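In our numbering, the protein residues as written are 3 to 633.
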């Protein structure tokens with residue numbers, strides 16, 4: 003069937019469409035209906051079905067003849083090691099760890115935080131939780147202790163599964179001190195930790211509280227898969243960059259599995275047995291959907307990659323991984339290819355590798371700029387597909403369904419809406435805009451299976467954050483337009499979230515941190531364009547009158563404070579001390595105008611600005627930082 007036929011089939015009868023997709027996964031008790039809308043807008047999918055996510059990702063493949071197929075390839079470009087784990091080995095590993103968790107009191111619905119580097123054991127930990135009905139919450143290892151503590155307090159886990167360290171190019175990051183600091187900071191107290199000791203840096207364990215990964219599993223009876231309801235939470239994943247009250251996106255088990263299974267062939271065009279590589283991290287939604295669950299549910303081999311697109315050892319790393327493991331589809335962020343292009347502008351290094359196994363490159367996480375797309379197409383000689391989705395959606399909202407029907411690529415557009423997503427462009431009053439006109443991107447309710455049904459312990463916030471602005475619609479927070487062919491163009495964020503190398507970070511959260519500096523009277527943080535990372539945060543601080551400390555010291559303090567609170571992923575290095583900020587007469591900081599000034603775009607001076615001369619002062623301050631975006 004063509005894309006248009008499949009999309010029309012979903013539109014005509016969503017219930018029948020999703021029930022048919024549900025037949026592709028294993029149920030202990032099949033659902034009798036797809037959608038339960040009795041408590042709208044808190045929709046539930048496949049709620050009366052019973053299943054287990056770990057069984058679908060692991061056990062059914064062992065029983066179905068794939069026991070000896072490689073399930074996970076761990077490729078560490080930093081250590082130079084490659085480890086392969088078959089589905090049979092993965093089954094034994096998950097059952098063993100699940101048994102240890104069970105014996106230490108972890109059961110149905112209990113939360114477990116996972117704070118690990120890119121190793122196969124991170125996937126084992128996720129699946130072990132799913133095996134016994136526990137709810138995992140993976141926190142990216144690069145986050146600071148404060149961020150981990152915030153998530154401990156919100157998720158109230160019984161345990162943390164961690165590692166002694168993570169590896170970065172040229173340095174080893176000690177994880178255990180960060181875990182210890184977070185445990186000390188958090189109001190909620192966990193019962194125990196399980197720590198994977200890595201050879202590169204071991205850590206001390208507190209007897210009775212910290213347990214060694216291997217020792218805690220000795221002598222345990224492996225755990226069987228526990229039946230859970232279709233609307234049982236599989237995991238909670240916190241959106242990045244939050245301080246204060248975080249947003250914990252909930253993912254229900256049944257819809258999650260059904261939607262991901264559909265995408266593996268229809269969007270990513272892989273068949274069971276093929277090698278699929280999502281070059282991301284388990285701490286992000288891509289890691290959940292397309293390193294762990296999606297490929298394994300579908301019977302694919304997935305790659306856990308520890309390294310960077312450049313520097314481990316050079317810009318040929320991706321080509322080596324594709325060659326060595328016969329990758330069929332690669333999914334990564336545009337920033338990875340901007341880094342490769344920066345180090346190897348002509349793509350000369352690819353000549354030394356055979357990447358003929360690759361069918362296509364998929365880009366997401368940030369806008370795929372045309373230069374990067376064209377460069378990748380030219381160098382790799384495969385189709386390059388941009389696609390668009392969010393942590394909240396869990397799988398692509400807009401994509402090119404290459405496995406169903408490869409549509410013409412329009413550079414600058416992630417292509418067309420996927421089944422389940424009725425996307426509209428709305429004005430501020432919620433009225434649909436004509437084709438070709440810019441507006442807010444919204445999705446008509448109900449959202450499809452696999453999307454967030456709510457936020458963890460925050461139903462009111464779920465409604466105010468996503469459902470209030472446009473009644474009857476989910477507000478994506480993005481602005482864009484749709485052309486006459488139905489292709490979506492995502493143009494900008496409509497809130498203060500910026501995208502730094504695929505990581506969604508809140509500038510408001512950074513402002514909160516800077517405002518705590520004793521010498522800072524007021525501040526603003528904006529996202530400015532960056533050739534490599536897409537966007538970078540840039541801070542402007544006004545000091546208190548009478549401050550005598552050197553500006554350089556204040557700037558260094560601000561950079562350190564953001565790094566300590568959010569982590570190095572914020573890439574917060576651009577800070578200017580200014581006398582004042584551009585504001586409206588009513589006192590509102592003109593952040594969008596500041597972005598235009600910084601990026602060298604045409605500046606439309608708002609009629610409400612208090613003093614237009616301030617914009618020239620901002621230009622001077624930005625030039626002093628050496629930022630290249632100012633015209």
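Cβ atoms here follow ideal geometry from the backbone N, Cα and C, with glycine treated the same way. Since this is a predicted model, take the numbers as computed values, not measurements.
Roughly how many angstroms separate the alpha carbons of residue i and residue j, rounded to a whole number?
i	j	result
residue 112	residue 136	5 angstroms
residue 53	residue 253	15 angstroms
residue 418	residue 384	20 angstroms
residue 9	residue 23	13 angstroms
residue 484	residue 443	9 angstroms
residue 475	residue 521	43 angstroms
residue 138	residue 567	23 angstroms
residue 300	residue 65	14 angstroms
residue 80	residue 105	35 angstroms
residue 97	residue 215	14 angstroms
residue 514	residue 335	28 angstroms
residue 89	residue 278	15 angstroms
residue 292	residue 265	10 angstroms
residue 549	residue 542	16 angstroms
residue 415	residue 622	35 angstroms
residue 437	residue 126	46 angstroms
residue 114	residue 463	23 angstroms
residue 173	residue 516	28 angstroms
On the criterion of 16 or more Cβ atoms from any shown chain inside 10 Å, does residue i qualify as buried, or is it exposed?
i	result
residue 374	buried
residue 219	buried
residue 85	exposed
residue 208	exposed
residue 459	exposed
residue 596	buried
residue 243	Since pLDDT at residue 243 reaches only 38, below the 50 mark, its modelled position is unreliable, and no value is offered.
residue 616	buried
residue 87	buried
residue 246	A caution first: residue 246 carries a pLDDT of 48, below 50, which makes its placement in the model too unreliable to give a value.
residue 399	buried
Less than 9 angstroms separating the beta-carbons of residue i and residue j?
i	j	result
residue 367	residue 288	yes
residue 614	residue 36	no
residue 573	residue 511	no
residue 227	residue 61	yes
residue 251	residue 238	yes
residue 233	residue 38	yes
residue 120	residue 284	yes
residue 286	residue 393	yes
residue 599	residue 577	no
residue 601	residue 530	yes
residue 365	residue 389	yes
residue 117	residue 152	no
residue 155	residue 188	yes
Please determine, among the options, the residue with the shortest C-alpha to C-alpha distance to residue i.
i	options	result
residue 370	283, 333, 485, 357	333
residue 200	310, 260, 123	123
residue 323	76, 275, 212, 114	76
residue 311	303, 297, 352, 92	352
residue 343	361, 381, 331	381
residue 131	549, 73, 59	59
residue 422	212, 402, 436, 449	449
residue 580	562, 569, 545	545
residue 268	427, 403, 491	403
residue 533	315, 270, 501	501
residue 651	319, 348, 129, 413	Any answer about residue 651 is impossible in this case: the structure gives the chain only from 3 up to 633.
residue 350	296, 412, 321	321
residue 45	457, 426, 187, 159	457
residue 211	191, 203, 223, 180	191
residue 74	306, 537, 603	306
Along the alpha helix (DSSP H) that carries residue i, what are the first and last residues, could you check?
i	result
residue 101	89-105
residue 598	593-601
State the start and end residues of the unbroken beta strand (DSSP E) segment that holds residue i.
i	result
residue 178	Per DSSP, residue 178 belongs to no beta strand (DSSP E); it is in the alpha helix (DSSP H), 178-187.
residue 364	362-365
residue 162	161-165
residue 611	No beta strand (DSSP E) holds residue 611; DSSP gives it neither H nor E.
residue 334	329-334
residue 544	536-545
residue 480	475-484
residue 80	Premise fails: residue 80 is in no beta strand (DSSP E) and is neither H nor E.
residue 292	Segment: none, residue 292 is in no beta strand (DSSP E) and carries neither H nor E.
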